[in-house]
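Protein chains in written order, with this note's numbering: chain A, 6 to 338; chain B, 6 to 338. All residues carry an ideal CB built from backbone N, CA and C; glycine is no exception. These figures come from a predicted structure and were not determined experimentally.
2 protein chains.
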Amino acid sequence: MKKVTIADVAQHANVSKSTVSQYLNNRFDYMREETKNRIEESIKELGYRPNIVARSLKQKSTTTIGVIVANILHTFSTQVIRAIEDTCQEAEFHTIVCNADDDPDKERKYIEMLRAKQVDGIILLPTGDNAALYNEMLTEGYPIVFVDRTVPDVAIPSMLLDNEKASGMGIQHFIDRGYTKIGIITNVIRNVTPRMERITGYKNTMNANGLDIREDYIKSLEVSRIREGVHELLSLDDPPEAILAGNDLTLIEILKYVKENHVKVPEDLAIIGIDDVSFAGFYEPGLTIVAQPTFEIGKKAAEFLLNKIQKKEDQDEGLVFRFDPKLIIRESC
Amino acid sequence: MKKVTIADVAQHANVSKSTVSQYLNNRFDYMREETKNRIEESIKELGYRPNIVARSLKQKSTTTIGVIVANILHTFSTQVIRAIEDTCQEAEFHTIVCNADDDPDKERKYIEMLRAKQVDGIILLPTGDNAALYNEMLTEGYPIVFVDRTVPDVAIPSMLLDNEKASGMGIQHFIDRGYTKIGIITNVIRNVTPRMERITGYKNTMNANGLDIREDYIKSLEVSRIREGVHELLSLDDPPEAILAGNDLTLIEILKYVKENHVKVPEDLAIIGIDDVSFAGFYEPGLTIVAQPTFEIGKKAAEFLLNKIQKKEDQDEGLVFRFDPKLIIRESC
DNA sequence: CTGAAAGCGCTTACAG
DNA sequence: CTGAAAGCGCTTACAG
């Protein structure tokens, strides 16, 4: 079963390799009908399949992009990946997905590998800790876009949620329902955009409604410590009656606590989460959620990158693209 | 910012391209320390990054494998993908993941594309409807393994759950808890291994316990019709008191029905699902589940494929590898 | 210990 | 309308 190459087809069809190549690339302008048919038949007969690696080497394009996510465990990441794949699919681009696992070293390694593989561009949900490397790619003009986060002093186009608005929406909904003792829990990795902006949104909205900000109502913890955090919050003399979960993983930890301690939602504790988790609708009670437009975000990121790759012209109409969150009201508040 | 190639490094270090190539491939046996250092420095100075596409063309290996899943919406698929990626990662292989969306045409197209891209092998969660194509790859000796399903008359190695045992375990647990009126719902796409085997397991276990099999307790429906199916089941004169959900998507539909109709679990209806969904633990009540060893399955598939790719020797000690399910008892039965 | 040369399978000006 | 030739950036016998 040796590979059949373009040379075999050429020989079989009694034409030159060039002509077969023209055929493969749909340049029929100057090709006689008869030649065309002969080539077509030879291809079928020999079961020829073009070698894209060879083509890539010559054309300097692999029609493949890389996607590196900081942490694949987030619903957000998987949904964005899906959107990116769908969008690339339409443009006949392939994607290679890598999970940096919140580890900047892994991230760097993946960037190197993907570039060695000559991917035409990269979509990065950055860990944030490789600023020098990011900037290097930027100055080289290598096509890259960020998703979910921006990085200080790195002017790479970023597609991300309007995080302040997102937490603001959740908090405002609590307040509209009459809650005033409202806490927020986020999970901390590094000082990363979404978490900090969400806390800002919380504070701003509390202020705007004339409510005091109590630092002891604000918790930033590692995932493994969130349940403790909930416990501490609820053990306060004057505990919060509502909690905003900063993302899906945080929400899940809170729900685990709720189950373990037979907390009644929303009677004992109202809950709103950011990120529309799969079970929000049929969980009992249905979970009120601030959803991210994950599909739009992924789609925009992919389109932006593909544009950059395909046309050389600059399209950087902006650097930071903010997307609007959406409040989905169910029963947990 | 023109690309620096091996020729540039060679020139800069004052050696030949061959020698640089030796260096890159860690063949230091015959290289003077000094040469080595010179090359090393030149690489750093020039910021040289080898072009893997060129290497792949020459070596006829891309150190990349393709993974095509029939339907990415299943928890099973995403978990298996994760395991495959982790395993490949260790072997310095990359993966390209494609979602066939239960569409045999898409599947065929992906297989063609991946092979044109010269991936070294493919892991397929087959739709099942491309038997001719599967067999073609088999006879060509192209490295391929199946996961989750076998396909009639296609002798490709397959890693999959012991499905009969899985549903048997669930049914036996119902029976052990005193249930005798037990139904099963699966979602139907095509006549695909897991679904059919799970129904067989159901029947066998009922029989083994001296219980009659009622055909009206067995439902195979499209996802969108499952809620109706539950309704029909529970509207029977003599309705089942326990239902086994054939997979995660089915389980979710059942839970939606439960919520909409205020069914009490397990008092009104005991439930067991196959596939350990993310929320099983903190859902109220905790969901009793028959879990698949998704990580093991994915790992085994990847190892098997990589073996086949790397050593040419045949390792087909078997054709169908069955994995044991595990019952996780929580509160829904 | 190192280099010259051929070749992997394509594409692309260019010539005719 | 079609072909010969060069080249993409590597690797790999082989020669010395």
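Identified DSSP bridge partners for residue i
i, result
"B/T191", "B/S225"
"B/T210", "Paired residues: none, contrary to the question."
"A/A247", "A/I187, A/A275"
"A/I73", "A/C103, A/L129"
"B/A296", "B/K331"
"A/L166", "A/F328"
Simplified DSSP assignment, three categories, for residue i
i, result
"A/I127", "strand"
"A/M6", "Its pLDDT being 49, under 50, A/M6 is placed unreliably in this model, and the value from its coordinates should be taken loosely. In this structure, A/M6 counts as coil in the three-state DSSP scheme."
"A/R327", "strand"
"A/G278", "strand"
"A/L332", "strand"
"B/M118", "helix"
"A/I218", "coil"
"B/K22", "helix"
"B/A12", "helix"
"A/I161", "coil"
"A/F151", "strand"
"A/A307", "helix"
"B/A88", "helix"
"A/S66", "coil"
"B/G173", "helix"
"B/G286", "coil"
"B/N56", "coil"
"A/V235", "helix"
"B/S240", "helix"
Listed by chain order, chain B residues near residue i by CB distance under 8 Å
i, result
"A/H79", "Here the premise fails: no neighbours, minimum Cβ distance about 12 Å."
"A/T67", "V58"
"A/I89", "The contacting residues do not exist; A/I89 stays about 12 Å from chain B at best."
Within chain A, the residues that residue i reaches when beta carbons sit closer than 7 Å
i, result
"B/Q123", "N56, I57, V58"
"B/L260", "F287"
"B/T264", "In the sequence as displayed, the identity of residue 264 of chain B is Lys instead of Thr. In chain order: F287, E289."
Under 8 Å from the C-beta of residue i: neighbouring residues of chain A
i, result
"B/S61", "V58"
"B/F179", "Here the premise fails: no neighbours, minimum Cβ distance about 22 Å."
Contact list for residue i against chain B, beta-carbon separation under 9 Å
i, result
"A/F309", "Ordered by position in chain B, no residue passes the 9 Å Cβ test against A/F309, which lies about 21 Å from the chain."
"A/H350", "No answer is possible for residue 350 of chain A: it lies beyond the span of chain A, which begins at 6 and ends at 338."
"A/I127", "Here the premise fails: no neighbours, minimum Cβ distance about 14 Å."
"A/I294", "By Cβ distance, chain B contributes nothing, its closest Cβ being about 14 Å from A/I294, past 9 Å."
Check whether residue i and residue j have beta carbons under 7 Å apart
i, j, result
"A/L129", "A/F151", "yes"
"B/Q177", "B/T205", "no"
"B/G251", "B/T191", "yes"
"B/D107", "B/N135", "no"
"B/E336", "B/G291", "yes"
"B/A96", "B/L311", "yes"
"B/Y184", "B/E246", "yes"
"A/A307", "A/C93", "yes"
"B/I314", "B/P131", "no"
"B/V282", "B/T80", "yes"
"A/I57", "A/A105", "no"
"B/K208", "B/I194", "no"
"B/G175", "B/V295", "yes"
"B/V9", "B/Y53", "yes"
"B/K161", "B/L143", "Checking the sequence shown, residue 161 of chain B turns out to be Ile, not Lys. Yes, the pair counts as a contact, with Cβ atoms nearer than the cut-off."
"B/V159", "B/N140", "yes"
"A/D280", "A/D253", "yes"
"A/R113", "A/C338", "no"
"A/K170", "A/P330", "yes"
"B/R232", "B/T198", "no"
"A/N214", "A/I248", "no"
"B/E258", "A/E289", "no"
"A/S61", "A/V14", "no"
Chain-ordered chain A contacts of residue i [CB-CB under 9 Å]
i, result
"B/F300", "Near B/F300 there are no residues of chain A at all, since even the closest Cβ is about 14 Å away, more than 9 Å."
"B/F326", "Those do not exist, as B/F326 stays about 26 Å from chain A at its closest Cβ, beyond 9 Å."
"B/I231", "Simply none; closest approach about 13 Å."
Original post:
Taking three-plus beta-carbon pairs below 8 Å as touching, is the segment 158-169 of chain A in contact with the segment 293-307 of chain A?
Top reply: When C-beta atoms of the segment 158-169 of chain A are compared with those of the segment 293-307 of chain A, three or more pairs fall below 8 Å, so the two segments count as touching.
**OP:** Please confirm if the segment 108-126 of chain B is in contact with the segment 58-77 of chain B, defined as three or more CB-CB distances below 8 Å between the two stretches.
**Re:** Cβ pair count under 8 Å is three or more, so yes.
Original post:
Are there three or more Cβ pairs, one per stretch, closer than 8 Å when the segment 15-32 of chain B is compared with the segment 78-96 of chain A?
Top reply: The way I'd put it, the segment 15-32 of chain B doesn't touch the segment 78-96 of chain A; fewer than three beta-carbon pairs between them come closer than 8 Å.
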